[in-house]
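For the record, the sequence lines run as chains G and D.
Counting with my numbering, you get residues 1 to 197 for the letters of the first sequence.
Counting with my numbering, you get residues 1 to 197 for the letters of the second sequence.
All C-beta atoms in this analysis are idealised placements derived from N, C-alpha and C, irrespective of residue type, glycine included.
One structure below.
Protein chains: 2
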Amino acid sequence: MRKGEATRLRILDEAALQAASRGLTAVSLADVADAVGISKSGLFKHFDSKEAMQRAVIEQVMDQFVAFVWGPAEPKPPGRTRLEKVFDRWLEWGEHEWPRSGCPITAFTVELDDQPGLLRDYLQGRLQSWRARVIGEFQALGDPPLNPAEAQAAFFQLRSYVLGVSEARRMMGDTDARASALAAFHTLLDRTIRVAA
Amino acid sequence: MRKGEATRLRILDEAALQAASRGLTAVSLADVADAVGISKSGLFKHFDSKEAMQRAVIEQVMDQFVAFVWGPAEPKPPGRTRLEKVFDRWLEWGEHEWPRSGCPITAFTVELDDQPGLLRDYLQGRLQSWRARVIGEFQALGDPPLNPAEAQAAFFQLRSYVLGVSEARRMMGDTDARASALAAFHTLLDRTIRVAA
DNA sequence: GCCAAAAGAGCACGATCGGTCACTTTTTGT
DNA sequence: ACAAAAAGTGACCGATCGTGCTCTTTTGGC
């Protein structure tokens, strides 16, 4: 159905917005329905339960994230150039796509990491496949390629800096965080390439 | 009053435990009261409102955190040795003091960073004073001392690695995260000292 | 233009939420 | 030991939660 699909997307957009700032559990179906302009019962024609909606929200956000970050990075040559684009877009994602709430994926991770169930399992799977993709890119950094442990450690630092920028900017009022992160990331790239050579 | 103060502490411990995993807002006063073994109305003899309890929870957790991390670090000689202890205890705090839920401070930060109000303001103040303390320690790393921007950038990396370890361990199943973090942190210390020299 | 199917409205349900109030029990200072 | 204060109880309030139900409106394929 044409119309239904459009409404479904509007619901997911609104639910993702609210979940990014209040958390997945704290999202009220009534609030989402009101914001979208339909009734609460109309919402149930698109999702069987609140949990089904939450799962669809995670799915859509992860799709958007991968498209936003990997889309512009993929055309770049593999290795350093592509990784720099990934890092840049990852920072951009949190900073400009979700300026009010901060990155919803980080919020979902902190909320769900100790809550066993469908939502956590699905999010974990998506995050792991993303992680594997970026780690693969790190392996291609060196010639000969980095071993898995080295690439994993490099990814750890990349991800840490993204987390650090978010907290520094949003909670600590640190306006230099992005610069600190870029400097640290370039040091990481330099060091990683040198170690591999 | 003797008895009342003991109950108050039990309430705060239980509320902190629940808030660390469900979030400050999602904590139910009925659940806390049940777990402590008193009635819901008895809870209101110790806190005027839910928000007052949340604020007290943040206060107690921050006190515990500073005591847990800074306590063993303070006797160490200033500079590198003390910073290594701070980092070690900071990792220990999340890993062993809050094994089920993860670090409550990180959870509170992600929950409150876009929610203006008393809770955010108070948490922000406590975090900034902690940050200032560690940054001061970084300045003492070099001779001559690091300038504020350098020390701030070093703190950014330290904090980022702590955040990274938590996510890697709790969500990604990365058992090597602590080793990656320690390696990255020691590189940071080496580089910072060398830059200052 | 007709008609089935999809989309949505309206209402009500049991449960739970934070919070109040009047009352009883326990603790504490003297 | 006694009285005042503190600590704790139980019943209850209005609001909101997710969800099920029946019914109406709208949409899209023929």
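The CB of D:Ala-183 comes closer than 7 Å to the CB of Ala-153 in chain G, given here in chain order.
A contact is defined here as three or more CB-CB pairs under 8 Å, and the stretch 159-167 of chain D meets this definition with respect to the stretch 157-165 of chain G. Within its own chain, the residues whose Cβ lies closer than 7 Å to the Cβ of G:Ala-184, once the five positions on either side in sequence are excluded, are Tyr-161, listed in chain order. Between the C-alpha atoms of G:Leu-119 and G:Arg-170 there is a straight-line separation of about 26 Å.
Of the residues D:Val-134, D:Gly-125, D:Pro-145, the one whose Cα lies closest to the Cα of G:Gly-173 is D:Gly-125. Cβ-Cβ distances below 8 Å link G:Gly-79 to Glu-137, Ala-140, Leu-141 in the same chain, with the five nearest sequence neighbours on each side left out; the list follows chain order.
Counting along the chain, the unbroken alpha helix (DSSP H) around D:Thr-109 starts and ends at 104-112. Taking C-beta atoms under 8 Å as the contact rule, G:Leu-24 and G:Val-61 fail to qualify, at a distance of about 10 Å. About 32 Å separates the Cβ atoms of D:Val-32 and D:Val-86, ruling out a contact at the 8 Å cut-off. In the DSSP assignment, G:Thr-7 falls within the unbroken alpha helix (DSSP H) covering 2-22.
Here D:Ser-39 has Ala-33 as same chain residues with Cβ atoms under 8 Å from its own Cβ, once five neighbours each way along the sequence are excluded. Assignment of G:Thr-25 by DSSP, reduced to helix, strand and coil, places it in the coil class. Assignment of G:Gly-94 by DSSP, reduced to helix, strand and coil, places it in the helix class. Contact check for G:Ala-168 and G:Thr-192: beta-carbon distance about 23 Å, past the 8 Å limit, so the pair fails to qualify. Within chain D, the C-beta atoms nearer than 7 Å to that of G:Ala-26 come from Thr-25, Ala-26, in chain order. Taken in chain order, the whole alpha helix (DSSP H) runs of length 4 or more contained in the stretch 47-103 of chain G are 50-73, 80-92. When the Cα atoms are used, G:Ala-179 and G:Ser-101 turn out to be separated by approximately 21 Å.
Among the CB atoms of chain D, one or more fall inside 9 Å of the CB of G:Asp-113. With its beta carbon at least 9 Å from every one in chain D, G:Asp-190 lies outside the interface.
G:Thr-7 sits close to G:His-46, with the two beta carbons spaced by under 9 Å. D:Ala-168 reaches chain G at Phe-156, counting residues in chain order whose Cβ is nearer than 7 Å. Taking a C-beta cut-off of 9 Å against chain G, the contacting residues of the stretch 95-127 of chain D are Arg-100, Ser-101, Gly-102, Thr-106, Ala-107, Thr-109, Val-110, Glu-111, Leu-112, Asp-113, Asp-114, Gln-115, Arg-120, Leu-123, Gln-124, Leu-127, listed in chain order. Cα atoms of D:Pro-99 and G:Thr-106: separation of roughly 19 Å, rounded to the nearest angstrom. Taking a 10 Å sphere around the C-beta of G:Leu-189, we find 16 or more other C-beta atoms and assign the residue as buried.
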